[in-house]
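Each number in the working numbering corresponds to the 1-based position in the sequence shown with 353 added. No residue lacks a Cβ here, since even glycine has one placed at the ideal position from N, Cα and C. As the structure is a prediction and not an experimental result, all values here were calculated from the model. One structure is given here, and the rest of the page talks about it.
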Amino acid sequence: MIDNEQMAARFLSAARREAVAAPESGIVEVFNYGRNKQGLMPLWVGEGDLPTSDFITKAATNALEGGETFYTAQRGHPDYREAIARMMTRVYGSPFEANASAFEPGRFFATIGGMHALQLAVRIAAGAGDEALVLTPAWPNFAGALLTAGARPVEVPLDFKRTTDGYRWALDLDRLARAVTPATRAIVVNTPGNPTGWTASREELQAILDLARTHGLWIVADEIYGRFYYAGERAPSFHDIMAPDDLVLFANTMSKNWAMTGWRIGWLEAPAALGQQIENLIQYSTSGVPQFVQRGAIAALDHGEDFVAFQRARAAASRAVLVKTLGASRRVRFAAPEGGFYLFLSIDEQRDTRKLAFRLVDEAGVGLAPGTTFGEGGAPFMRLCFARSPDDIGEAARRIAAWLAT
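In structure tokens, the structure reads:
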């Protein structure tokens, strides 16, 4: 009889390399450690504290009661795709065509959340033996999606610089260009960035796009936090500069802007010429998004602008509280985030941020995500999600400040 350790080794050796290579989430590790602690302020995951608005849930409920419980178009219900096109036209100022017939290609494809959209984009852009450049510190799921597709993520770290106005994250375009090799197939660009809040300027986006054009690379663009931008209504976007024939794939989600994290619905935006191939990938992964969920998303897209503006204003107020309170401590270093709803902070003399995350749970009553999970350059930092009320964030900041003073 073999023991449990031998049995585990047998199964692992028989499993595909891509499955074994899937990294464990350092965020989930801390979440599991502290989730049952009384009085804890859980700021480790990228999720706000607001439930989905009634007008969205009612639209989904009405669809359920109306019998919309059958299979639907693999690419997404035409009404959902048209609603995405309407929203994109309002926000980005140029017309987006949905071509929303179930049998027409279109640019928009319904997905099971943003993660599914990212997986589809990776399947299109990179695979076994390929490399993809990832600007880090970065959401660990970028690397995870690439690894499970057999591709190799190549980290290109942002610089954390001190300036006359404080600290900031900066992209070294020459470093990015030097990272391109004959095996490179894609550049993953998340702006505004999770976890840093770094937001690419229009000029930086143009330089990245020019690099991709020169080498024939795909750009996998995660602009999910584009509406959480603190210098305008939205952040600069590849949509502002790209041509119709550019190799750009956008992963997007309903989760953040409309407080729909648990609904698991998003979309992939891709060249219409890939419509049949993307439909095939959807068929062989999820076979579509529930129709009643899409009805809720349509309501959010068509009638949710006031809620998006409210969330942005609320996040801005919480951001200001954090910057003021933690900025007063000489032991904390951070760049005030230009976008998104995360503060990526470093505490002097605390290098092991995995252990620090456990200590903050136990000693400060605050749950943060360790920077070790966000790749190169992230190890000395902690990620704090401030998509909560300014009062709650103020309390969390006071707890951290008090812990720092001990």
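Bridge-paired residues (DSSP) for residue i
{"i": "Met360", "result": "Looking at the DSSP assignment, Met360 forms no beta bridge with any residue, so it has no partner."}
{"i": "Gly619", "result": "Thr464, Thr606"}
{"i": "Tyr695", "result": "Cys738"}
{"i": "Trp571", "result": "Ala539"}
{"i": "Ala486", "result": "Checking the sequence shown, residue 486 turns out to be Leu, not Ala. DSSP lists Val507, Ile540 as partners of Leu486."}
{"i": "Tyr582", "result": "Gly692"}
{"i": "Pro395", "result": "Gly720"}
{"i": "Val685", "result": "Ile700"}
{"i": "Val676", "result": "Answer is none; Val676 lacks a bridge partner."}
{"i": "Val601", "result": "Ile572"}
Where the alpha helix (DSSP H) containing residue i begins and where it ends
{"i": "Tyr445", "result": "431 to 445"}
{"i": "Leu709", "result": "706 to 712"}
{"i": "Leu654", "result": "644 to 656"}
{"i": "Ile746", "result": "743 to 758"}
{"i": "Thr410", "result": "407 to 418"}
{"i": "Thr501", "result": "493 to 501"}
{"i": "Ile577", "result": "That residue, Ile577, is in no alpha helix (DSSP H); it is neither H nor E in DSSP."}
{"i": "Ile631", "result": "628 to 636"}
{"i": "Arg370", "result": "370 to 373"}
{"i": "Gly379", "result": "379 to 387"}
Nearest-angstrom Cβ-Cβ length linking residue i and residue j, presumed shorter than 8 Å
{"i": "Ala740", "j": "Ala668", "result": "6 Å"}
{"i": "Arg587", "j": "Val444", "result": "6 Å"}
{"i": "Pro490", "j": "Phe727", "result": "4 Å"}
{"i": "Ala717", "j": "Trp571", "result": "That belief does not hold up - the Cβ atoms of Ala717 and Trp571 are roughly 42 Å apart, past 8 Å."}
{"i": "Pro376", "j": "Pro493", "result": "7 Å"}
{"i": "Phe462", "j": "Ile651", "result": "Not quite, the Cβ-Cβ distance comes to about 15 Å (not below 8 Å), so this is no contact."}
Residue-chain proximity (residue i, chain D), Cβ-Cβ < 8 Å
{"i": "Arg741", "result": "Looking at the structure shown, chain D is missing, and only one protein chain is on hand."}
Runs of 4 residues minimum, wholly inside the region 508 to 564: which ones carry the alpha helix (DSSP H) assignment? 526 to 531
Any contact of the region 670 to 680 with the region 431 to 440, i.e. 3+ C-beta pairs under 8 Å? no
If you pair each beta-carbon of the region 700 to 718 with each one of the region 530 to 538, do three or more pairs fall below 8 Å? no
Please confirm if the region 616 to 633 is in contact with the region 585 to 605, defined as three or more CB-CB distances below 8 Å between the two stretches. yes
For the region 494 to 504 against the region 522 to 532, are there 3 or more C-beta pairs whose distance is under 8 Å? no
Inspect the CB distances between the region 546 to 559 and the region 687 to 705 and report whether three or more fall short of 8 Å. yes
Using 8 Å as the Cβ pair cut-off and three pairs as the minimum, do the region 400 to 412 and the region 739 to 758 touch? yes
Evaluate the contact criterion for the region 465 to 481 versus the region 633 to 652: three or more CB pairs, one atom per stretch, below 8 Å. yes
Would you say the region 580 to 599 touches the region 549 to 567, given that touching needs at least three Cβ pairs under 8 Å? yes
Quick check: the region 677 to 685 against the region 416 to 429, are there 3 or more CB pairs under 8 Å? no
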